[in-house]
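A.B. asks:
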Amino acid sequence: MRRSIIFLLAVGCASSLFAQEDVPQYNPNSLNPIPRYEQLYKVKVWREIRLDEKQNKGYFARSNEITKLILDAINSGELADIYVNDSLVTKMAKEDMTKKLLMSEAAPLDAWIPGNNYYADDVVDFNGVGYKAKRDNTGKNPGTSPDDWGRDASAGKGSYAQPYQLAGLRLVEDVIFDKRRSRLYYDIQSITLIWPGDKDNPLGGDLDIVTVRYKDLVQVFRNHPNDAIWFNRYNTAENKNYEEAFLLRLFHGVIYKVENPDNETIYDVYSANNRPYKETVWAREWEEMKMMEREHNLWEY
C-alpha cells in the first residue's frame, strides 16, 4: 500500500513538471521578456497619451513627430507587421490604414475654359494638370501665364490627416514585479496611433488608426537615430532617442484601463452606473495611486 502511494505521488509530480514545461515561459511580444516563473506580480495596463500636452511635447516636435516616424516606417515597409488592435493577433493591410486617414474624397477638377472669369484660388484642370489661380484673371492660359496661375499637385486629390493631427497614443504595458531582481518593470507591448476628435477628425470622435508592436518599433528607433529624437525643451544637449525616453518614462499617460474579467475601461465601469464623467477622472488617478502603493508594499515585504 505504501509503495503504491509513493508511486502515485511520483507520477503526479512528474505530470506536474511536464505540464509546467508546456506553458510558454516567455512573452514573444516583449522587448526584454521576464520568464513567468520569475514574476511575483503582473497586471496589464492601458494608458492614453496626448502628445500635444506640454509634458509630452518632446515626442511631438513639429516636423519630427513620433507619429511621422511611425507612418513613414509603415509606408516604406520597414514596419511590415501592423495590427488592427492591441491584441497583436489580427494584422492590418497598409491600404486599410490609409483609408482611416482620409479627410476628404478626391473630386474631379473642372477644365479651364478660355472665356471664363477666374478668381484668386480657383482651381482648374489644364491638359491633365491641376492649376490654382494666383489672382483674378480672364483668358489667361494656365500653361503660359505663370504670373496668373501656379501648378497645384494636390488639386482634386483626396486630403489625408497629417502626423501632427495624430496627437494621441494608446500604450499597452505589462507591469511586472520580478521576484528574483526585486524590481518593478514596465514591459511595453504595443502602441496605437489615435486621431483625436478635436484634430479635424471628420468622424467627430477619437479614431484608432493602427497598432504596432513596441518590440518592432524599437528597432525603427535604433535604425533612425537622427529622426527618433525626444526633444528636451530645456537643454537640447540632453535630447534622447525615443527608446531611451520611453525607458525613462519621460511621458505622461493617463490610465485608460486595467485588465479585468469584464474587459471594461474605467469609463465603462462608471458610465454603466450613471456616474458623472468627473468621477472617472478621479478613478483614473486613484488607479495610479493604487499601483504606486502596491509597488511600495512589494518592496516593503
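Position in the sequence shown (from 1) plus 34 gives the number in this note's numbering. Think of the CB as a built atom: it goes at the ideal place given N, C-alpha and C, for glycine as much as any other residue.
1) Can you give the Cα-Cα distance for residue 166 and residue 94, rounded to whole angstroms?
2) In this structure, does DSSP put residue 42 in helix, strand or coil?
3) My output table needs one value for residue 257: the three-state DSSP class, helix, strand or coil.
4) Determine, using beta carbons only, whether residue 168 and residue 182 come nearer to each other than 8 Å.
5) Could you tell me the distance, in whole angstroms, from the CA atom of residue 200 to the CA atom of residue 218?
6) Would you identify the three-state DSSP class for residue 135, choosing helix, strand or coil?
7) Please classify residue 316 as buried or exposed, where buried requires at least 16 neighbouring CB atoms within 10 angstroms.
8) Less than 8 Å between the CB atoms is what I'm expecting for residue 240 and residue 226, so what's the real figure, rounded?
9) Could you give the first and the last residue of the continuous beta strand (DSSP E) run that contains residue 211?
10) Can you give me the Cβ contacts of residue 72 inside the same chain, cut-off strictly under 7 Å, excluding the 5 residues immediately before and after it?
11) Please go through the same chain and pick out, in chain order, the residues whose beta-carbon is closer than 7 Å to the beta-carbon of residue 205, but skip the five residues on each side of it.
12) According to DSSP, is residue 315 helix, strand or coil?
13) Closest to residue 207 by CA distance: which of 56, 59, 64 is it?
14) Keeping to the same chain, check which residues put their C-beta closer than 8 Å to that of residue 132; ignore five residues upstream and five downstream.
15) For residue 101, does the count of other Cβ atoms within 10 angstroms reach 16, so buried, or fall short, so exposed?
16) For residue 188, which of 178, 216, 159 has the nearest alpha-carbon?
17) For the stretch 66-141, list the alpha helix (DSSP H) runs that are entirely contained and at least 4 residues long, ordered along the chain.
C.D. replies: By the coordinates alone:
1) 32 Å
2) The predicted position of residue 42 is uncertain, since its pLDDT is 43 and thus under 50; no value can be drawn from it.
3) helix
4) yes
5) 31 Å
6) coil
7) exposed
8) That pair is no contact at about 11 Å.
9) 202-212
10) 212, 213, 214
11) 81, 83, 222, 225, 287
12) helix
13) 64
14) 194
15) buried
16) 159
17) 100-110, 128-134
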